Amino acid sequence: MSGFEQIPRQIISHQPTPLQPAPRLSAQLGINLLLKRDDCTGLAGGGNKTRKLEYLLADAQRQGADTLVTIGGVQSNHARQTAAAAAQFGFGCELILQDVAGTPAADYQHNGNMLLNQLLGANIHRLSLAQDCQQYADTLLQQLRQQGKKPYLIPVGGSSVIGSLGYVRCALELLTQLKQQSEKPDQIVVATGSAGTQAGLLAGLILAGADIPVLGITVSRPADAQIMLVSNLLQQLLSFLQLDPALANGKVQANGDYYGSAYGVTTDATIQALRTAARTEGLLLDPVYTGKAMAGLIDLSQRGIIAKHSRQLFIHTGGSQALPAYLSVLN
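For the sequence shown, this note's numbering begins at 6 and goes up steadily by one.
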């Protein structure tokens, strides 16, 4: 692991983030629940993407970039954190944000993360559902270079090998905290979308020789497709870390029963999970990622698929800044 510590990183986030019990929600679900509070990473409200940006910014700085470019949905938490990192470290920031079908119109288009992106000074490019984000990004990169700028493209969710190193570090941090608190979870539960968070966690656990299952609750696609996406990235990460990619075999678990009709579209179970977390633990989740993951944790616990009295660790990846964008469905 000494080699991992030598990988360039720009320190941005508040680390370690808290690891805390959730006694009232534990009692309601009949499990022993711990919360890893990665909503507390600090950058413009925090969230999991801040960990990824530490490695991505170091790579951008190494390449001499002066402008960060990234892609996401209109209410992308990753875009907000990228805009904040750009402001903090003096980069220009270009956000390519695509409409999401089935979302509440007025607030979704202008409130939440969209308002924060503007406050942070990002240049926002709005795309319709019919437009090709990657094609638009390629054209924008060319235009920026023609203007004499040095752009650095960050993929959706920051989920490249470089970005996912942030969650390798998180896994190592988490293992240290668990040892200090004499805790050994039976399972880690986390929202999984662009794959970098789950792949990074698994790579970090493998690197440390820790055998803790990680269940990803999908936010945008069926389980089999998500498993393939995470597995591919995990294999790349293991190769980068000079570990055998075959160590990824059988490690990726996903449940696709809770994402509803599409990314960014809420479900009744998601809304109920938001209320349950808020009213038992004062915990603000979001409608896109953590709300769906918590809906899965609640349902699996209530149905006995997650065993009674088992030790579950839920990673709160942030995103509550998007709540005002969902005013019409939360009221």
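Even for Gly, the Cβ is constructed at its ideal location relative to N, Cα and C.
Note that this is a predicted model, so its numbers are computed, not measured.
Which value, in whole angstroms, describes the spacing of the CA atoms of residue i and residue j?
{"i": "T75", "j": "H314", "result": "42 angstroms"}
{"i": "P227", "j": "D262", "result": "8 angstroms"}
{"i": "I129", "j": "G107", "result": "21 angstroms"}
{"i": "G269", "j": "T55", "result": "20 angstroms"}
{"i": "G153", "j": "A70", "result": "11 angstroms"}
{"i": "G78", "j": "F96", "result": "21 angstroms"}
{"i": "G287", "j": "Q247", "result": "42 angstroms"}
{"i": "N32", "j": "D229", "result": "The amino acid occupying residue 32 in the given sequence is Ala; Asn does not appear at that position. Taking the straight line joining both Cα atoms gives about 32 angstroms."}
{"i": "P28", "j": "R174", "result": "27 angstroms"}
{"i": "Q20", "j": "D44", "result": "11 angstroms"}
{"i": "Q114", "j": "R67", "result": "35 angstroms"}
{"i": "L220", "j": "V105", "result": "26 angstroms"}
{"i": "T223", "j": "A282", "result": "19 angstroms"}
{"i": "A65", "j": "I311", "result": "42 angstroms"}
{"i": "Q151", "j": "D249", "result": "42 angstroms"}
{"i": "G323", "j": "L183", "result": "21 angstroms"}
{"i": "K57", "j": "R284", "result": "30 angstroms"}
Excluding the 5 residues preceding and the 5 following residue i in the sequence, name in chain order all residues of the same chain whose CB lies nearer than 6 angstroms to its CB.
{"i": "C98", "result": "L73, A88, A91, A127"}
{"i": "R316", "result": "N37, P190, D191"}
{"i": "P156", "result": "T72, V74, L146, L149"}
{"i": "A176", "result": "L206, G209, L210"}
{"i": "T272", "result": "G265"}
{"i": "G50", "result": "Q326"}
Any idea what DSSP makes of residue i, helix, strand or coil?
{"i": "N128", "result": "strand"}
{"i": "G296", "result": "helix"}
{"i": "I193", "result": "strand"}
{"i": "P329", "result": "helix"}
{"i": "N82", "result": "helix"}
{"i": "K41", "result": "strand"}
{"i": "T223", "result": "strand"}
{"i": "A135", "result": "coil"}
{"i": "H314", "result": "coil"}
{"i": "N116", "result": "coil"}
Near residue i, which residues of its chain fall below 8 angstroms by C-beta distance, leaving aside the five closest residues on each side in sequence?
{"i": "Q139", "result": "I76"}
{"i": "P160", "result": "T75, I76, G168, S199"}
{"i": "Q93", "result": "I17, L48"}
{"i": "Q123", "result": "I129"}
{"i": "Q25", "result": "L39, L40, R42"}
{"i": "L252", "result": "I211, L243"}
Below 9 angstroms between beta carbons: does that hold for residue i and residue j?
{"i": "L34", "j": "L289", "result": "no"}
{"i": "S244", "j": "G201", "result": "no"}
{"i": "A204", "j": "Y294", "result": "no"}
{"i": "V166", "j": "L62", "result": "no"}
{"i": "S225", "j": "A278", "result": "no"}
{"i": "Y60", "j": "G162", "result": "no"}
{"i": "P292", "j": "L238", "result": "no"}
{"i": "A142", "j": "L125", "result": "no"}
Please return the same chain residues whose Cβ sits closer than 7 angstroms to the Cβ of residue i, not counting the five positions on each side in sequence.
{"i": "S81", "result": "L102, N118"}
{"i": "N53", "result": "D43, T202, T322, G323"}
Should residue i be flagged as near chain D, meaning a C-beta pair shorter than 9 angstroms?
{"i": "I211", "result": "The displayed structure is made up of one protein chain only, and chain D is not part of it."}
When you compare the region 221-234 with the region 250-267, are there three or more beta-carbon pairs, one atom per stretch, that lie closer than 8 angstroms? yes
Determine, using beta-carbon pairs with one atom in the region 35-51 and one in the region 315-333, whether at least three such pairs fall under 8 angstroms. yes
Kindly confirm or deny that the region 290-300 and the region 260-280 touch, where touching means at least three C-beta pairs closer than 8 angstroms. In short, these stretches touch, since the Cβ pair count reaches three.
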